[in-house]
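Only one structure is covered here, and it is reproduced in the block below.
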DNA sequence: CACAACCATAGGCGATGCCTTTGGTTCCTG
DNA sequence: CAGGAACCAAAGGCATCGCCTATGGTTGTG
């Protein structure tokens with residue numbers, strides 16, 4: 001890219017001079033002294049290699065080159081104005097994009113209402129709720145592509161990340177067999193169950209599985225998943241068909257069981273086990289107003305469903 | 001007009017940084033040191049009141065505000081480029097307007113061929129040949145609206161103007177009566193003639209009349225115009241009809257008599273009297289290339305018809 | 001765990017921009 | 001026609017800006 005030799009200040013002085021036909025008047029309008037404007041014009045003429053004004057005793061008269069330059073100079077300054085204005089509009093949430101990360105099943109925790117919250121307050125903005133899966137969201141945070149996110153985490157310890165828990169959500173056992181949900185499910189019973197688990201692509205980092213692994217650690221076994229699927233709705237449907245049981249967040253169970261597995265029921269684990277919903281961002285980051293807005297709204301929505309911390 | 005707080009340099013650094021995702025790489029591209037670019041970005045962020053990049057250990061990542069700013073920044077720099085380019089095009093006679101002053105009857109002295117000369121050499125330019133009348137041209141020169149002109153002058157003395165004669169043109173007596181053009185016309189005969197004179201609106205400053213006044217000064221009489229008209233063609237036609245005689249530049253007589261007054265003929269004055277064609281511009285002016293071009297071409301055309309000096 | 005990549009900070013230096021003062025020119029007016 | 005008013009140019013001084021080098025801190029990688 002060619003580094004331009006002319007400056008916005010020169011163009012401003014040029015336009016003011018053109019319109020007034022006088023360096024003195026231009027200087028007065030711009031709040032500068034007459035020699036300053038004179039110098040700017042001279043510098044501009046020198047760098048362009050052309051004469052822009054004829055000095056004619058009283059006042060100055062634009063040359064035809066100045067006639068040519070004027071509309072271009074106006075366009076430059078107008079573009080600058082637009083640039084500044086558009087940034088301010090983004091700053092004021094009148095326009096622009098607000099990008100925020102959410103855990104994968106945000107749809108079951110008021111994700112659409114969260115977006116509605118934002119759009120109601122700020123009708124002009126675009127909203128991007130990133131949350132295909134927790135791993136990618138975490139990676140986006142780490143790489144700086146995302147500023148902040150609301151995630152389901154199994155631990156608040158994370159290298160270089162600040163994790164602020166805002167709510168906890170019980171993990172419950174669901175089954176089509178009423179006997180198995182008649183009483184709280186112990187680690188031992190869980191370790192012998194036949195389970196269908198969702199989020200198979202990210203099973204290594206899925207917070208539900210990690211939490212279950214911690215629970216089963218004392219039994220010396222891993223969670224015994226018999227079926228692996230991608231999304232929680234499919235898992236619940238399979239539970240309803242009786243192929244397996246599952247462990248899901250309680251809010252998801254309450255929403256999905258009536259719709260997808262009406263014959264199934266749920267029970268707590270013993271001891272109770274919780275997923276944690278937390279605001280996550282890079283340590284040391286100064287959060288933008290947009291991020292703070294999303295954190296505030298998302299926290300409210302989450303705490304209306306899960307248990308506030 | 002609001003004086004902008006941001007600079008083209010900042011926008012250039014911003015774009016380079018945006019494209020590379022790195023201050024170091026941007027600095028390398030722009031030929032600056034890394035801290036310089038870093039400072040520009042920081043200043044820009046501060047003046048806009050927003051964060052444009054998140055610093056993420058290795059490299060920087062644009063925020064959504066930066067996404068918004070980018071197209072505007074590009075437009076600003078593109079407009080600057082266009083401005084510079086258009087000025088250069090005017091400088092190189094590829095575009096723009098060339099404005100030049102000419103005496104009123106330039107049409108009889110190759111005016112259209114002069115314009116053809118310019119357009120042949122520089123097909124892209126606009127040409128404005130200003131010359132409704134000498135007074136206004138002179139006023140335009142004085143006020144700086146015109147840079148230079150080719151005028152018919154009665155004297156080379158003029159306050160604040162540099163007058164450079166390039167050719168002289170004899171003033172001749174024309175008449176439909178062959179007797180009156182059988183021999184050179186003396187001042188005495190001229191003072192008793194019945195004349196039709198053109199350029200009546202500007203009769204006070206018309207160079208032909210001024211020249212005649214000087215010639216008649218010794219006789220103590222003013223030029224005896226019986227009829228006053230605006231344009232020389234009408235005057236010649238009236239001469240052809242026998243209503244009056246006239247005094248016109250020789251080139252005009254040679255061109256107009258056969259066409260408009262075939263029965264009329266011309267004779268020299270005694271002593272011979274001349275109009276002077278001269279290049280006129282403000283004293284002390286540094287002439288632009290465009291003006292020099294017009295002066296060169298107009299001089300050639302005039303000298304091909306009138307007598308070079 | 002050490003190295004490489006990258007950004008931030010600090011200090012120094014030259015250039016830029018602005019100001020005031022002054023001089024010269026043009027134009028108007030008494 | 002002479003004096004004054006309006007205006008631009010030039011010069012000198014001062015503060016700020018922009019850029020550089022050197023250095024330190026942090027992150028990601030072999």
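Protein chains in written order, with this note's numbering: chain A, 1 to 309; chain B, 1 to 309. Just so it is clear, CB atoms sit at the ideal spot from N, CA and C, and this is done for glycine as well. These figures come from a predicted structure and were not determined experimentally.
#1: Do you know offhand how far residue 50 of chain A's Cα is from residue 183 of chain B's?
#2: Measure the alpha-carbon distance for residue 312 of chain B versus residue 308 of chain B and round it to whole angstroms.
#3: Using a C-beta cutoff of 8 Å, does residue 73 of chain B count as contacting chain A?
#4: Just to confirm the assignment: which complete beta strand (DSSP E) runs, minimum length 3, are found wholly within the stretch 66-154 of chain B?
#5: Considering only their Cβ atoms, is the gap separating residue 265 of chain A from residue 181 of chain A smaller than 8 Å?
#6: With a CB to CB cut of under 7 Å and the five nearest residues on each side skipped, what residues in its chain are close to residue 305 of chain A?
#7: Taking 8 Å as the cut-off, decide whether the C-beta atoms of residue 150 of chain A and residue 285 of chain A are in contact.
#8: Three or more beta-carbon pairs under 8 Å between the stretch 121-138 of chain A and the stretch 86-98 of chain A, yes or no?
#9: With 9 Å as the limit, tell me which residues of the stretch 167-193 of chain A have their beta carbon closer than that to any beta carbon of chain B; keep them in chain order.
#10: Under the rule that 16 or more other beta-carbon atoms within 10 Å means buried, what is residue 192 of chain A, buried or exposed?
#11: Taking only runs that begin and end inside the stretch 188-268 of chain B, name each unbroken alpha helix (DSSP H) of 4 or more residues, in chain order.
#12: Kindly indicate which residue of B:101, B:54, B:238 has the alpha-carbon position closest to the one of residue 292 of chain B.
#13: Give me, in chain order, the residues of the same chain whose beta-carbon lies closer than 6 Å to that of residue 196 of chain A; leave out the 5 immediate sequence neighbours on both sides.
#14: Cβ closer than 7 Å: which chain A residues qualify as neighbours of residue 87 of chain B?
#15: Three-state secondary structure (DSSP) at residue 285 of chain A?
#16: Where DSSP assigns a beta bridge to residue 278 of chain A, which residues make up the other side?
#17: In angstroms with no decimal places, state the Cα-to-Cα distance between residue 213 of chain A and residue 254 of chain A.
#18: Tell me the DSSP secondary structure of residue 32 of chain A in three-state form.
#19: How should residue 72 of chain B be labelled, buried or exposed, when 16 other C-beta atoms within 10 angstroms of its C-beta is the threshold for buried?
#20: For a cutoff of 8 Å on Cβ pairs, would you count residue 22 of chain B as touching chain A?
#21: Under three-state DSSP, which class holds residue 54 of chain B?
#22: Run down chain B in chain order and give the residues with a C-beta less than 8 Å from the C-beta of residue 147 of chain A.
#23: Taking C-beta pairs closer than 7 Å, name the residues in chain B that residue 144 of chain A reaches, listed in chain order.
#24: In this structure, how does DSSP classify residue 157 of chain A when only helix, strand and coil are distinguished?
#25: Can you round the beta-carbon distance between residue 211 of chain B and residue 275 of chain B to whole angstroms, since I take them to be within the 8 Å contact cut?
#26: Please compile the residues from chain A whose C-beta is within a distance smaller than 7 Å of the C-beta of residue 83 of chain B.
#27: Does DSSP put residue 175 of chain A in a helix, a strand or coil?
#28: At the 8 Å Cβ level, is residue 1 of chain B part of the contact set with chain A, yes or no?
#29: With distances taken Cα to Cα, identify the nearest neighbour of residue 314 of chain A among A:218, A:206, A:169, A:207.
#30: Is the CB-CB distance between residue 295 of chain B and residue 148 of chain B below 8 Å?
#31: Using a Cβ cut-off of 9 Å, pull out every chain B residue sitting near residue 96 of chain A, in sequence order please.
#32: Should the stretch 69-88 of chain A be regarded as contacting the stretch 162-178 of chain A, the criterion being three or more beta carbon pairs within less than 8 Å?
#33: Taking the alpha-carbon positions, what's the residue 130 of chain A to residue 138 of chain A distance?
#34: How about residue 37 of chain B: is its C-beta nearer than 8 Å to some C-beta of chain A?
#35: Quick check: what's the CA-CA separation for residue 31 of chain B versus residue 52 of chain B?
#36: Would you call the CB atoms of residue 171 of chain A and residue 273 of chain A closer than 8 Å?
On the basis of the coordinates in this document:
#1: Numbered from its first residue, the first chain carries residue 50 of chain A at position 50. Numbered from its first residue, the second chain carries residue 183 of chain B at position 183. The straight-line gap separating the alpha-carbon atoms of residue 50 of chain A and residue 183 of chain B is approximately 55 Å.
#2: Residue 312 of chain B lies beyond the range of chain B shown here (1 to 309); nothing can be said about it.
#3: Along the second chain, read from residue 1 onward, the residue named residue 73 of chain B stands at position 73. At least one CB atom of chain A sits nearer than 8 Å to the CB of residue 73 of chain B.
#4: The stretch 66-154 of chain B contains these whole beta strand (DSSP E) runs: 97-102, 126-130, 148-153.
#5: The count along the first chain starts at 1 and reaches residue 181 of chain A at position 181. The count along the first chain starts at 1 and reaches residue 265 of chain A at position 265. Yes, these two residues count as a Cβ contact at 8 Å.
#6: Start at 1 with the first residue of the first chain, and residue 305 of chain A comes out as number 305. 109, 110, 251, listed in sequence order.
#7: As a first step, residue 150 of chain A must be located in the first chain, where it is residue number 150. As a first step, residue 285 of chain A must be located in the first chain, where it is residue number 285. Their beta carbons are not under 8 Å apart, which means residue 150 of chain A does not touch residue 285 of chain A by this criterion.
#8: Contact between the stretch 121-138 of chain A and the stretch 86-98 of chain A is present, because at least three Cβ pairs lie under 8 Å.
#9: Close to chain B, meaning a Cβ-Cβ distance shorter than 9 Å, is no residue of the stretch 167-193 of chain A at all.
#10: Translated into positions along the first chain, residue 192 of chain A becomes position 192. The residue is exposed, with fewer than 16 neighbouring Cβ atoms inside 10 Å.
#11: Listed in chain order, they are 207-216, 232-240, 250-260.
#12: Reading the second chain from its first residue, position 292 is the one you call residue 292 of chain B. The candidate whose alpha carbon is nearest that of residue 292 of chain B is B:101.
#13: On the first chain, residue 196 of chain A is found 196 positions in, with the first residue counted as 1. Result list for residue 196 of chain A: 227, 235, 238, 244, 246, in chain order.
#14: The count along the second chain starts at 1 and reaches residue 87 of chain B at position 87. The answer, in chain order, is 48, 50, 65, 68, 69.
#15: To locate residue 285 of chain A, count along the first chain from 1; it is residue 285. If DSSP states are grouped into helix, strand and coil, residue 285 of chain A belongs with coil.
#16: Reading the first chain from its first residue, position 278 is the one you call residue 278 of chain A. Answer is A:151, A:165, bridged to residue 278 of chain A.
#17: Against the first chain, residue 213 of chain A aligns to sequence position 213. Against the first chain, residue 254 of chain A aligns to sequence position 254. A direct Cα-to-Cα measurement between residue 213 of chain A and residue 254 of chain A gives close to 23 Å.
#18: On the first chain, position 32 is the one that residue 32 of chain A refers to. Three-state DSSP puts residue 32 of chain A in coil, outside helix and strand.
#19: On the second chain, residue 72 of chain B is found 72 positions in, with the first residue counted as 1. Buried.
#20: To locate residue 22 of chain B, count along the second chain from 1; it is residue 22. Output row for residue 22 of chain B: interface = no.
#21: Counting from one through the second chain, the residue named residue 54 of chain B turns up at place 54. Residue 54 of chain B carries a strand assignment under DSSP once its states are collapsed to helix, strand and coil.
#22: Within the first chain, the letter at position 147 stands for residue 147 of chain A. Within chain B, the residues near residue 147 of chain A are 54, 63.
#23: Sequence index remark: in the first chain, residue 144 of chain A carries index 144 (1-based). Simply 54, 56, 61.
#24: As a first step, residue 157 of chain A must be located in the first chain, where it is residue number 157. Judged by DSSP in its simplified three-state form, residue 157 of chain A adopts coil rather than helix or strand.
#25: Against the second chain, residue 211 of chain B aligns to sequence position 211. Against the second chain, residue 275 of chain B aligns to sequence position 275. So it is a contact: roughly 6 Å between Cβ atoms.
#26: Stepping through the second chain from its first residue, residue 83 of chain B is reached at position 83. Residues of chain A whose Cβ lies closer than 7 Å to the Cβ of residue 83 of chain B are, in chain order, 69, 72, 73, 76.
#27: Position 175 of the first chain, counting from 1, holds the residue named residue 175 of chain A. Assignment of residue 175 of chain A by DSSP, reduced to helix, strand and coil, places it in the strand class.
#28: Locating residue 1 of chain B in the second chain gives position 1, counting from the first residue. In this prediction, residue 1 of chain B scores a pLDDT of 38, lower than 50, which makes its location untrustworthy; no coordinate-derived value is stated.
#29: Because residue 314 of chain A is not part of the residues shown, which for chain A are 1 to 309, the question remains open.
#30: Against the second chain, residue 295 of chain B aligns to sequence position 295. Against the second chain, residue 148 of chain B aligns to sequence position 148. Yes, Cβ-Cβ distance for residue 295 of chain B and residue 148 of chain B is below 8 Å.
#31: Against the first chain, residue 96 of chain A aligns to sequence position 96. In chain order: 64, 65, 67, 68.
#32: No contact exists between the stretch 69-88 of chain A and the stretch 162-178 of chain A.
#33: Here residue 130 of chain A refers to the residue found at position 130 of the first chain. Here residue 138 of chain A refers to the residue found at position 138 of the first chain. The alpha-carbon of residue 130 of chain A is positioned some 11 Å away from that of residue 138 of chain A.
#34: For the purposes of this step, residue 37 of chain B is taken as residue 37 along the second chain, with counting starting at 1. Judged by the 8 Å Cβ criterion, residue 37 of chain B is not in contact with chain A.
#35: As a working note, residue 31 of chain B is residue 31 in the second chain. As a working note, residue 52 of chain B is residue 52 in the second chain. Answer to the nearest angstrom: the Cα atoms are 22 Å apart.
#36: Here residue 171 of chain A refers to the residue found at position 171 of the first chain. Here residue 273 of chain A refers to the residue found at position 273 of the first chain. Their beta carbons are under 8 Å apart, which means residue 171 of chain A touches residue 273 of chain A by this criterion.
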